[in-house]
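Position one of the sequence shown corresponds to residue 423 (this note's numbering), numbered consecutively onward.
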Amino acid sequence: MRKPISVKHSRDLRYGPEVEVPGYLAKLSSVGSIRDEETCERLRGLIQRQVQICKRSVEVMDAVRRGAQLAIDECQFQFRNRRWNCSTLETMPVFGKVVTQGTREAAFVYAISAASVAFAVTRACSSGELEKCGCDHNVHGVSPEETPVSRCPFANLAILSHMRVECKCHGVSGSCEVKTCWRAMPPFRKVGNVIKEKFDGATEVEQRKVGTTKVLAPRNSQFKPHTDEDLVYLDPSPDFCDHDPRTPGMLGTVGRQCNRTSKAIDGCELMCCGRGFQTQEVEVVDRCSCKFHWCCYVKCKQCRKMVEIHTCR
């Protein structure tokens, strides 16, 4: 009988230059189904260590691939109204130099990448897609080094702390004579919201020597020490205002849509970095006058209207 894979930890995808997690995941998000070791060999852009991870865990790689795309989609949703909006590149790393620096944006990308893979692999396991997995903490199987799920306490907490109980009733005519309940993961959008909140409250840290070891401590001594539930960063973020061809991923905000009436980061004043904005009227088509028809469909009309669009100069 095959022993289940533990999907809780992995030393292979730790955060560091040796295995660049977001780039690795983003590369997987762009490929088709990964069914055998030969597919791992054909993946362009992976270093040998990453190819070996793929080969050792072929069964879960499709779930990892789905998690990679989930990370990109969620990042772009959460940052849709910010100067840096998680734009992806055709080259590696897919988010450009943003994830190779010690900024809070890099911290977010690492956290959302780890959480998305844990989420996708767990969903694949619970749906019966994977043979060698289970949810019993007392069962031990393949060593952590042989799984592609990151060791990221923060990502695990973001999911586990928002688990919910779902129930289904069984009985005649909809009665609830017997109720079956189980723990379910939250919608990934909720996980993304939690990580985005942590991004907004991230702590700037610096390396300090305590005895013979180096630790990360808040740069501002008045801040309380961070925990596993916090995001931290070493370097301040650039302003992301201007396109810099020497820095992949630094696309600037020229041409970005902005909100003329907002005073927040999505407002034209902040989004456009003081360069001003231009306004144009465009025609949009929306569904309107929708009516429900028995049974069972909704029929709508198409309405055209002119709206103002504001874009940064």
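C-beta: ideal position from N, C-alpha, C; glycine also.
Values in this document were obtained by computation on a predicted structure and should not be read as measured data.
Along the chain, where does the beta strand (DSSP E) containing residue i start, and where does it finish?
| i | result |
| --- | --- |
| C725 | 719-734 |
| V587 | 586-592 |
| C603 | 600-606 |
Using the Cα positions of residue i and residue j, report the straight-line distance between them to the nearest angstrom.
| i | j | result |
| --- | --- | --- |
| E496 | V706 | 26 Å |
| R630 | A533 | 23 Å |
| Q702 | N503 | 19 Å |
| N578 | V531 | 15 Å |
| C734 | R505 | 11 Å |
| R709 | W716 | 19 Å |
| F517 | G593 | 51 Å |
| G614 | K727 | 34 Å |
| C598 | R605 | 19 Å |
| K721 | S711 | 8 Å |
| E567 | C695 | Because E567 carries a pLDDT of 47, less than 50, the predicted location of this residue cannot be relied on, and the following value inherits that uncertainty. If you take the alpha carbons of E567 and C695, they lie about 46 Å apart. |
| R436 | R478 | With a pLDDT of 29 at R436, under the threshold of 50, the modelled position of that residue is not reliable, and the figure given next carries that caveat. Spanning the two alpha carbons is a distance of roughly 17 Å. |
| G737 | C555 | Residue numbering for the chain in the displayed model covers 423 to 735; residue 737 lies beyond these limits and cannot be assessed. |
| I687 | G674 | 14 Å |
| Q498 | P667 | 21 Å |
| Y507 | F501 | Just to set this straight, residue 507 is Asn in the shown sequence, not Tyr. In a straight line, the C-alpha of N507 is about 5 Å away from that of F501. |
| C603 | V654 | 37 Å |
| V480 | V616 | 30 Å |
| K636 | P660 | 26 Å |
| T520 | T634 | For clarity, residue 520 is Val in the given sequence; the question names Thr instead. Taking the straight line from one Cα to the other gives about 31 Å. |
| M607 | S548 | 10 Å |
| S509 | C591 | 44 Å |
| F699 | K646 | 41 Å |
| K618 | S595 | 44 Å |
| T461 | H665 | 36 Å |
| T669 | Q679 | 22 Å |
| C371 | E463 | Examination of residue 371 is not possible in this model, given that the chain is present from 423 through 735 alone. |
From the DSSP output, in three-state form, read off residue i for me.
| i | result |
| --- | --- |
| C462 | helix |
| L673 | strand |
| S595 | helix |
| R457 | coil |
| V482 | helix |
Specify, as a first and last residue, the run of the alpha helix (DSSP H) that residue i falls within.
| i | result |
| --- | --- |
| I475 | 470-478 |
### Query
Which runs of the beta strand (DSSP E) fall wholly inside the segment 616-668 and span at least 3 residues, in chain order?
625-632, 635-640, all fully within the segment 616-668.
#### Entry: Inside the segment 676-723 only - alpha helix (DSSP H) runs reaching at least 4 residues
690-693
### Task
Write down every uninterrupted run of the alpha helix (DSSP H) in the segment 489-555 whose length is 4 residues or greater and which is fully enclosed by it, in chain order.
526-548
### Task
Report yes or no: do three or more beta-carbon pairs, one from the segment 479-490 and one from the segment 534-542, lie closer than 8 Å?
Judged by Cβ distances under 8 Å, the segment 479-490 makes contact with the segment 534-542, as three or more pairs qualify.
### Query
So, do the segment 542-553 and the segment 479-488 have three or more beta carbon pairs nearer to each other than 8 Å?
yes
### Query
So, do the segment 615-627 and the segment 638-645 have three or more beta carbon pairs nearer to each other than 8 Å?
yes
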